[in-house]
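Protein chains in written order, with my numbering: chain A, 21 to 247; chain B, 21 to 247.
Cβ atoms here follow ideal geometry from the backbone N, Cα and C, with glycine treated the same way.
Bear in mind that the values here come from a model prediction, so they are computed numbers and not experimental data.
Structure, as structure tokens:
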DNA sequence: AGCCTTACTTGATTTCGATCAATCAAAGCA
DNA sequence: TGCTTTGATTGATCGAAATCAAGTAAGGCT
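Structure follows, in structure tokens:
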């Protein structure tokens, strides 16, 4: 449906805790709240496309947003996956340029949008916003570097193991947890075909990992850490 | 030898044209020049290591700096390669955290270093610096996304072809140009083993590409564009 | 509940690129 | 200049994952 609206109490709350706004002073928060527009997106809705002039900055309030690039013959490569509280780094274009990737709601999602020209005006007056953007982007650059090196250095089961270890409170004990999104999304995030993820999970069974649906049980985290 | 010094006339000139300082107002430029320290690095010198507390921001004045990540058993994966005028995005850590990758001079290089705490202080007072950092990082994030999708969607010869096309003024005519660094570096940048790069070049011979040393001749750019 | 769509798994095949090994070329250096 | 070191090529083998092709499970909807 994608209706547009001013942020209500619930959305303001989520935004305040988001990576971007959490570190801002009250006045900058107010300025950003002023220009925020909330959008309710159905699954598969496109937020912006690679090559379009960039006009809006986006933050995720709920759901997951997939960012990908296309090749000439239409194949897609996921480059980042954003969840609740995340600033969509690919939408930070303050210099009047274009989006360099496409963003799509991977499931029904709530997002906040900010007019980029106005964001730039605020950033030019209020350094705390510009610094917050810098910090968010430098963290995302680090994540992108980690993905790149992960792809190049590790096999599919190793990448899956690392993902599982990173997404459960790293204790020495056995633990269960729930995947936050469907496996095909996870596969894309890890740079794998869904089949490869499936095979990685079944290979990890012999290392104490059991999966049923989105539920994952890790019998021996240490075993995973050793590969 | 790595001697430290204040920037002289030549270094100031290069810095002024660098991506980071070019867009700043005169006062911010002055503030940054004030804290700049020039370093002359021999090949293979490490600028900073993954995991160390981040204390300095780096810009390249001449030469190339390779940024990579290590895996447990010491294998390296290049995640970015910076040349003259580039801000080393991996060194932008304003929040007091640690470096997330290692930077090494790929050849003798001249760099400018800036104390990160002071950079943060300046950025907190002068929005133009913070915005310039944001712009630099968002461009680098776009590059990282491009590398990721390139790795995932294209074969070695395709990646090499795209590199060649991007690094020569995209005309329809035949053209010659010189690789800016050695092939093993290019291989790393493209996520390839040196052998794979070599094989890609010899495969591209049948598509009008001739290589001798660092000299590359492209007979038919259109043929490359078609894969 | 049942149906229908979408997600996931499993198997067989093939392709790509890493790796190992051996030359070959080139570039500093005495 | 020749010598030594480093970088580049070529060949042969191997392994990992993409792709193609069924088939199975799960989830949404009326």
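What three-state label does DSSP hand residue i in the structure shown?
i, result
"residue 154(A)", "helix"
"residue 124(A)", "strand"
"residue 38(B)", "coil"
"residue 172(A)", "helix"
"residue 136(A)", "helix"
"residue 129(B)", "strand"
"residue 212(B)", "coil"
"residue 108(A)", "coil"
"residue 118(B)", "strand"
"residue 21(A)", "For residue 21(A), the predicted structure reports a pLDDT of 43, less than 50, and the residue's modelled location is therefore unreliable. A value from the coordinates is still provided. In the structure shown, residue 21(A) sits in coil (DSSP, three-state: anything other than H, G, I, E or B)."
How close, in whole Å, do the beta carbons of residue i and residue j come, if the pair is a contact with beta carbons under 8 Å?
i, j, result
"residue 78(B)", "residue 108(B)", "4 Å"
"residue 119(B)", "residue 74(B)", "5 Å"
"residue 53(B)", "residue 69(B)", "Contact doesn't hold; Cβ gap of about 27 Å is too wide."
"residue 66(B)", "residue 126(B)", "Between residue 126(B) and residue 66(B) the Cβ distance is about 12 Å, and since that is not below 8 Å, they are no contact."
"residue 209(B)", "residue 98(B)", "6 Å"
"residue 166(B)", "residue 238(B)", "Not really, about 21 Å apart at Cβ, beyond 8 Å."
"residue 224(A)", "residue 177(A)", "6 Å"
"residue 105(A)", "residue 38(A)", "4 Å"
Pull up the distance between the alpha-carbon of residue i and that of residue j, whole angstroms please.
i, j, result
"residue 83(B)", "residue 222(B)", "28 Å"
"residue 62(A)", "residue 124(A)", "10 Å"
"residue 204(A)", "residue 156(B)", "33 Å"
"residue 171(B)", "residue 34(A)", "35 Å"
"residue 21(A)", "residue 60(A)", "Legend: pLDDT at residue 21(A) = 43, less than 50; position of this residue unreliable, no value from coordinates given."
"residue 87(A)", "residue 116(B)", "28 Å"
"residue 72(A)", "residue 113(A)", "11 Å"
"residue 138(B)", "residue 110(B)", "17 Å"
"residue 236(B)", "residue 133(B)", "34 Å"
"residue 234(A)", "residue 121(A)", "28 Å"
"residue 153(A)", "residue 154(B)", "6 Å"
"residue 164(A)", "residue 191(B)", "32 Å"
"residue 214(A)", "residue 174(B)", "18 Å"
"residue 128(A)", "residue 64(A)", "8 Å"
"residue 89(B)", "residue 231(B)", "30 Å"
"residue 44(A)", "residue 46(B)", "27 Å"
"residue 145(B)", "residue 182(A)", "40 Å"
"residue 189(A)", "residue 241(A)", "10 Å"
"residue 199(B)", "residue 220(B)", "15 Å"
"residue 96(A)", "residue 207(A)", "12 Å"
"residue 40(A)", "residue 136(B)", "21 Å"
How about residue i: is its C-beta nearer than 7 Å to some C-beta of chain A?
i, result
"residue 158(B)", "yes"
"residue 151(B)", "yes"
"residue 21(B)", "The predicted position of residue 21(B) is uncertain, since its pLDDT is 43 and thus under 50; a value taken from the coordinates is nonetheless stated next. It does not: the Cβ of residue 21(B) has no partner Cβ on chain A nearer than 7 Å."
"residue 68(B)", "no"
"residue 122(B)", "no"
"residue 76(B)", "no"
"residue 89(B)", "yes"
"residue 34(B)", "no"
"residue 230(B)", "no"
"residue 116(B)", "no"
"residue 97(B)", "yes"
"residue 171(B)", "yes"
"residue 154(B)", "yes"
"residue 29(B)", "no"
"residue 217(B)", "no"
"residue 109(B)", "yes"
"residue 165(B)", "yes"
"residue 162(B)", "yes"
"residue 168(B)", "yes"
"residue 188(B)", "no"
Is residue i close to chain B, meaning its C-beta is less than 7 Å from at least one C-beta of that chain?
i, result
"residue 112(A)", "yes"
"residue 211(A)", "yes"
"residue 143(A)", "yes"
"residue 147(A)", "yes"
task: Entirely within the region 41-98 of chain A and at least 4 residues each: give me those alpha helix (DSSP H) ranges in chain order.
output: 46-55
query: Can you give, in chain order, each stretch of the beta strand (DSSP E) that sits fully within the region 178-209 of chain B and has at least 3 residues?
result: 195-198
Residue ranges of each beta strand (DSSP E) within the region 210-247 of chain B, 3 or longer: 229-232 and 235-238
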